[in-house]
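Q: Structure incoming, see below.
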Amino acid sequence: MIVLDKENNILTLHTKNTTYQMKADQYRVLTHTYYGPRVDGCDLSYLVRYADRACAPNPDEAGEDRTYSLNTIPQEYSTCGVGDYRLPSIELELPSGSRSADLRFTGCEVRRGKYALEGLPAFRGTGEDAQTLVIRLEDAAAQVEVELYYGVFEEYDLITRAARVINRGTEPVRLCQCASLCLDFPGADLDLVTFDGCHLMERAPHRAPLRPGVQGVGSTRGTSSHQHNPFVILCGRSADEDHGLCYGASLLYSGSFQALAEVSQYDSTRLVMGVNPWHFCWTLAPGQAFTAPEAALVCSPRGLGEMSRQFHRAIRAHLIQDPLEGRRRPVLINNWEATYFDFDAGKLVDFAKAAAPLGVELLVMDDGWFGKRDNDCGGLGDWYVNTGKLPGGLEALVPKIQELGMSFGIWIEPEMVNEDSALYREHSDWAFHIPGRPPVRGRSQLVLDFSREEVRRHIYGQIKSVLSSADVSYVKWDMNRSLSNVWSAALPPERQGEVYHRYVLGVYEMLDQLRRDFPHILIEGCAGGGGRFDAGMLYYTPQIWCSDNTDAIDRLRIQYGTSFCYPVSSMGAHVSAVPNEANGRCTSIQTRGVAAMAGTFGYEMDPGKTTPEEKEVIRAQTAFFKEHYDLIQRGDYYRLTDPFQNGPYTAWEQVSPDRREALVSLVTTALHAAPSFQTLKLKGLDPGLTYQINGGDTFPGSALMEAGYPLPLFHGDYQSMQLYCRAI
Ligand code: DGJ
Numbered sequence: 005m006i007v008l009d010k011e012n013n014i015l016t017l018h019t020k021n022t023t024y025q026m027k028a029d030q031y032r033v034l035t036h037t038y039y040g041p042r043v044d045g046c047d048l049s050y051l052v053r054y055a056d057r058a059c060a061p062n063p064d065e066a067g068e069d070r071t072y073s074l075n076t077i078p079q080e081y082s083t084c085g086v087g088d089y090r091l092p093s094i095e096l097e098l099p100s101g102s103r104s105a106d107l108r109f110t111g112c113e114v115r116r117g118k119y120a121l122e123g124l125p126a127f128r129g130t131g132e133d134a135q136t137l138v139i140r141l142e143d144a145a146a147q148v149e150v151e152l153y154y155g156v157f158e159e160y161d162l163i164t165r166a167a168r169v170i171n172r173g174t175e176p177v178r179l180c181q182c183a184s185l186c187l188d189f190p191g192a193d194l195d196l197v198t199f200d201g202c203h204l205m206e207r208a209p210h211r212a213p214l215r216p217g218v219q220g221v222g223s224t225r226g227t228s229s230h231q232h233n234p235f236v237i238l239c240g241r242s243a244d245e246d247h248g249l250c251y252g253a254s255l256l257y258s259g260s261f262q263a264l265a266e267v268s269q270y271d272s273t274r275l276v277m278g279v280n281p282w283h284f285c286w287t288l289a290p291g292q293a294f295t296a297p298e299a300a301l302v303c304s305p306r307g308l309g310e311m312s313r314q315f316h317r318a319i320r321a322h323l324i325q326d327p328l329e330g331r332r333r334p335v336l337i338n339n340w341e342a343t344y345f346d347f348d349a350g351k352l353v354d355f356a357k358a359a360a361p362l363g364v365e366l367l368v369m370d371d372g373w374f375g376k377r378d379n380d381c382g383g384l385g386d387w388y389v390n391t392g393k394l395p396g397g398l399e400a401l402v403p404k405i406q407e408l409g410m411s412f413g414i415w416i417e418p419e420m421v422n423e424d425s426a427l428y429r430e431h432s433d434w435a436f437h438i439p440g441r442p443p444v445r446g447r448s449q450l451v452l453d454f455s456r457e458e459v460r461r462h463i464y465g466q467i468k469s470v471l472s473s474a475d476v477s478y479v480k481w482d483m484n485r486s487l488s489n490v491w492s493a494a495l496p497p498e499r500q501g502e503v504y505h506r507y508v509l510g511v512y513e514m515l516d517q518l519r520r521d522f523p524h525i526l527i528e529g530c531a532g533g534g535g536r537f538d539a540g541m542l543y544y545t546p547q548i549w550c551s552d553n554t555d556a557i558d559r560l561r562i563q564y565g566t567s568f569c570y571p572v573s574s575m576g577a578h579v580s581a582v583p584n585e586a587n588g589r590c591t592s593i594q595t596r597g598v599a600a601m602a603g604t605f606g607y608e609m610d611p612g613k614t615t616p617e618e619k620e621v622i623r624a625q626t627a628f629f630k631e632h633y634d635l636i637q638r639g640d641y642y643r644l645t646d647p648f649q650n651g652p653y654t655a656w657e658q659v660s661p662d663r664r665e666a667l668v669s670l671v672t673t674a675l676h677a678a679p680s681f682q683t684l685k686l687k688g689l690d691p692g693l694t695y696q697i698n699g700g701d702t703f704p705g706s707a708l709m710e711a712g713y714p715l716p717l718f719h720g721d722y723q724s725m726q727l728y729c730r731a732i
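Just so we're on the same page, this note's numbering is the position in the sequence shown counted from 1, plus 4.
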């Protein structure tokens, strides 16, 4: 609910459990007064305190009042160069060459439903479930207007934000920074949690108390990156899974980003998140506008677990657009780790023949089907079927797969080109290159300039004709390197600062086109595993390959970290062969299945090479997954242990919304002789109900949650179990 007190310029956003408030003060500066647990009917501006502080400049309007300084007042959208020395949200370069921004409130309005952002991903909402607040600010000297957008999803405690900057003047203005989110807190007694890692080990949570000064994460790679995720948490020092105040901030952006927190000299905190200002400068001609990507906030007064569940619910209901519209997604098998580039139509048909009787429903043909692509040194950019490998093209292959009762999916990497390709020989200037500098390769490939329409059009035309040639129901969109040598032949020198962002807009545009032309196709995002796992991509691709690391034990950590923002249904996870290709570890097929069921669930191995016993297990796994699909993919997710604590096991749980069903999964990760007895406390059950476990013993919900379930003594490395709990 949005409440406007126009007389006093107090703007309040209420969700079910939280309140967010702003007030335009006597000088029309938009102050941020409060964000936290719900407070009703109150002007919270008493929280904004004034004192005569040394070295704090006073704006002209304040006259002799030295207690009024932008440097100490909590700002809704921070400015720069006019008295606030903390992190700016916006920086303008005016025709004079001066760099500053000074914003004053001019008005606001409430709209039914949720705003959309042209060309950018954003949560979707209707008049039934969302409201929009638009706030207008002006920089009179610069003749620039800023619109701040707020989407309020009451049910999910979710507030989205975006900003739009419009040049209302008669001369061009350069935008040097334009954040999506600025959030000021009165104290500094908070921890910052970031999700960091590398290729093969993505999104490990790192939590540290805030300290004076600036701290944070970002990416300069042109992708959101394996290294740091555009999702951060600020939480109370003692907040844990079930208690404490937590703020999660997720940026819906798949390019270079920045998320910084600053603790000021007087122990207030500011969080600023948005497109990375490094290598960013956008020229706004008179009348032109720039839109900053959306950021989504969840405040949970009840710990990190509830914060995550609210994100999961909101992402599933209002961000992801699933072409299957609520129907179950198929269990897939992907040939990559089993064959790499060494496959042909015969091998794929054999895969399908072996996989279909095991309950697998979709065959995904990975990298290597196009152009001249026998290794990762050539072929990218030539999106036509290699008929040496697939005689008769997809037209011949797909019906054979379908006759076996399976559907068909395909891998693409549209943003890339190899020098050894027909495309590069014809259009070498379409790859990013800085004039005078030698090429910088990654995985032997170069990045196409997707800021250019003709480049996108050419690539999309090829891909569209492949996808139109047969009944394709799934596409894996991969992206296997970070950007470098970024310079566009299509833009003049003074506008090269737009290229990184225009590249992302180009990717979004093509994804949108793909979705519109092939609305029935399920797209899985991928970037060398989880190099672009962000809420922006989830708007276009309902699932994203979590990591190239398919080892079940490492995946426990990767999926745990990912779960802080992103739902199970978005995490691409497969059972692969052992020894695992990433780390050589061997785990049982049961354990690999349990780990993959914390994600979308599928296989990535040669089914023909499995033993009869393994086949039996796979059949049971696919049947179990299908039977409990709703619970696994749409249930409320509870982290029961932290795999980074090196405890004896890692456990998690999915609970149905009516709390009558739950699935507990557990994998042992440390083994010792003479183990102690362990009990596992479940969460989220109805204490008043009695649950039957795996069709056997019964326990009251209260006993399972308060006293715990008695775990057996495990014997052997990496054992696993699943407890299916049903209320009786
Ligand atoms: C990286 C992906 O993450 C893998 O799953 C696979 O598709 C390869 N690229 C193919 O080149």
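Cβ coordinates follow ideal geometry from the N, Cα and C atoms, glycine included.
By Cβ distance below 6 Å, which residues in the same chain neighbour F718 in space, the five residues on each side in sequence not counted?
A: Within the sequence shown, residue 718 is the residue found at index 714, counting from 1. Here the set comprises T672.
Q: Give the range of the alpha helix (DSSP H) segment to which Q219 is assigned.
A: Looking up residue 219 in the sequence shown gives position 215. Counting along the chain, Q219 falls outside any alpha helix (DSSP H), though it belongs to the beta strand (DSSP E) covering G217 to G222.
Q: Can you list the alpha helix (DSSP H) stretches of 4 or more residues lying completely in the region 468–511, in chain order?
A: Runs found: none.
Q: Measure the Cβ-Cβ separation of L323 and Y543 and say whether it is below 9 Å.
A: Along the sequence shown, one-based indexing puts residue 323 at 319. Along the sequence shown, one-based indexing puts residue 543 at 539. Yes, these two residues count as a Cβ contact at 9 Å.
Q: Hey, how far is the Cα of A183 from the Cα of T287?
A: Translated into positions along the sequence shown, residue 183 becomes position 179. Translated into positions along the sequence shown, residue 287 becomes position 283. Using only the alpha carbons, I get a separation of about 16 Å.
Q: Where does F374 sit, in a helix, a strand or coil, going by DSSP?
A: Along the sequence shown, one-based indexing puts residue 374 at 370. If DSSP states are grouped into helix, strand and coil, F374 belongs with the strands.
Q: Would you check whether ligand 1 has a heavy atom nearer than 8 Å to the C-beta of K393?
A: Residue 393 sits at position 389 when you count from the first residue of the sequence shown. False, no ligand heavy atom lies under 8 Å from that Cβ.
Q: Let me know the secondary structure DSSP gives D433 once reduced to three states.
A: On the sequence shown, residue 433 is found 429 positions in, with the first residue counted as 1. In the structure shown, D433 sits in a helix (DSSP, three-state: H, G or I).
Q: Output the boundary residues of the alpha helix (DSSP H) element that contains A358.
A: By 1-based counting over the sequence shown, the position of residue 358 is 354. Start and end: A349 to A359.
Q: Name all residues in chain order for which at least one heavy atom of ligand 3 lies closer than 6 Å to the residue's CB.
A: Absent from the structure shown: ligand 3. Ligands present: ligand 1.
Q: Along the alpha helix (DSSP H) that carries S312, what are the first and last residues, could you check?
A: As a first step, residue 312 must be located in the sequence shown, where it is residue number 308. Looking at the DSSP string, the run of the alpha helix (DSSP H) that includes S312 is G307 to A318.
Q: Just to confirm the assignment: which complete beta strand (DSSP E) runs, minimum length 3, are found wholly within the region 96–147?
A: List check, beta strand (DSSP E) in window: 108–116 and 135–143.
Q: On the DSSP bridge list, what partners appear for M369?
A: What you label residue 369 is simply residue 365 of the sequence shown in a count that begins at 1. I414, per the DSSP bridge assignment.
Q: If you reduce the DSSP assignment to three classes, tell me which class D558 lands in.
A: Counted from its first residue, the sequence shown places residue 558 at position 554. Helix at D558.
Q: So, using beta-carbon positions, are A212 and F199 closer together than 9 Å?
A: Residue numbering aside, residue 212 sits at position 208 when the sequence shown is read from its first letter. Residue numbering aside, residue 199 sits at position 195 when the sequence shown is read from its first letter. Not in contact: A212 and F199 (Cβ atoms no closer than 9 Å).
Q: Between M5 and T19, what straight-line distance do the alpha-carbon atoms span, to the nearest angstrom?
A: Here residue 5 is taken as the residue at index 1 of the sequence shown, counted from 1. Here residue 19 is taken as the residue at index 15 of the sequence shown, counted from 1. Taking the straight line joining both Cα atoms gives about 6 Å.
Q: With distances taken Cα to Cα, identify the nearest neighbour of Q742 among K118, L141, R429 and E149.
A: This structure cannot settle anything about residue 742, because the visible part of the chain is limited to 5 through 732.
Q: Buried or exposed: which applies to W340, given that a residue is buried once 16 or more other Cβ atoms fall within 10 Å of its Cβ?
A: Position 336 of the sequence shown, counted from the start, is the residue given in the question as residue 340. Label assigned to W340: buried.
Q: Using DSSP bridges, identify the partner residues of Y728.
A: Counting from one through the sequence shown, the residue named residue 728 turns up at place 724. Note: Y728 sits in a beta bridge opposite L667.
Q: Cα-Cα, which of C180, L15, F568 and Y31 is closest to E95?
A: As a first step, residue 95 must be located in the sequence shown, where it is residue number 91. The candidate whose alpha carbon is nearest that of E95 is C180.
Q: What do you get for E80, buried or exposed, if any count of 16 or more other CB atoms within 10 angstroms of its CB means buried?
A: Against the sequence shown, residue 80 aligns to sequence position 76. Flag for E80 reads buried.
Q: What's the call for W481, buried or exposed, on a 16-neighbour Cβ count within 10 Å?
A: Start at 1 with the first residue of the sequence shown, and residue 481 comes out as number 477. Result: buried.
Q: Grouping DSSP H, G and I as helix and E and B as strand, with all else coil, what is D646?
A: By one-based count along the sequence shown, residue 646 stands at place 642. DSSP places D646 in coil when its eight states are reduced to three.
Q: Please confirm whether G40 and T23 have their CB atoms less than 9 Å apart.
A: Here residue 40 corresponds to residue number 36 of the sequence shown, with the count starting at 1. Here residue 23 corresponds to residue number 19 of the sequence shown, with the count starting at 1. Cβ distance < 9 Å, so G40 and T23 count as in contact.
Q: Identify whether I622 lies in helix, strand or coil by the three-state DSSP scheme.
A: To locate residue 622, count along the sequence shown from 1; it is residue 618. Three-state DSSP puts I622 in a helix.
Q: Looking at the unbroken beta strand (DSSP E) that takes in D195, where does it start and where does it end?
A: Mapped onto the sequence shown, residue 195 falls at position 191. It spans L194 to C202 - the beta strand (DSSP E) in which D195 sits, taken as one unbroken run.
Q: Report yes or no: do the region 491–502 and the region 526–533 share at least 3 C-beta pairs separated by less than 8 Å?
A: Too few Cβ pairs lie closer than 8 Å, so no.
Q: Could you give the residue range of the beta strand (DSSP E) that holds Y607?
A: Walking along the sequence shown from the start, residue 607 turns up at place 603. Unbroken beta strand (DSSP E) run through Y607: G606 to E608.
Q: Quick check on the DSSP output: the beta strand (DSSP E) that includes R168 runs from which residue to which?
A: Taking the sequence shown and counting its residues from 1, the one referred to as residue 168 is at position 164. First-last of the beta strand (DSSP E) with R168: L162 to N171.
Q: Using a Cβ-Cβ cut-off of 6 Å (strictly less than) and excluding sequence neighbours within five positions of D734, which residues of its own chain qualify?
A: Because the chain in this structure spans residues 5 to 732, residue 734 falls outside the shown range and cannot be described.
Q: Tell me the rounded alpha-carbon separation between T130 and V169.
A: The residue given as residue 130 occupies position 126 in the sequence shown. The residue given as residue 169 occupies position 165 in the sequence shown. Rounded to the nearest angstrom, the two C-alpha atoms are 25 Å apart.
Q: Specify, as a first and last residue, the run of the alpha helix (DSSP H) that A28 falls within.
A: In the sequence shown, the residue the question calls residue 28 occupies position 24. No alpha helix (DSSP H) holds A28; the beta strand (DSSP E) holding it covers T22 to A28.
Q: Which of the three DSSP states, helix, strand or coil, is assigned to C54?
A: Along the sequence shown, one-based indexing puts residue 54 at 50. Note that residue 54 is Tyr in the sequence shown, not Cys. Of the three classes helix, strand and coil, the one that applies to Y54 here is coil, per DSSP.
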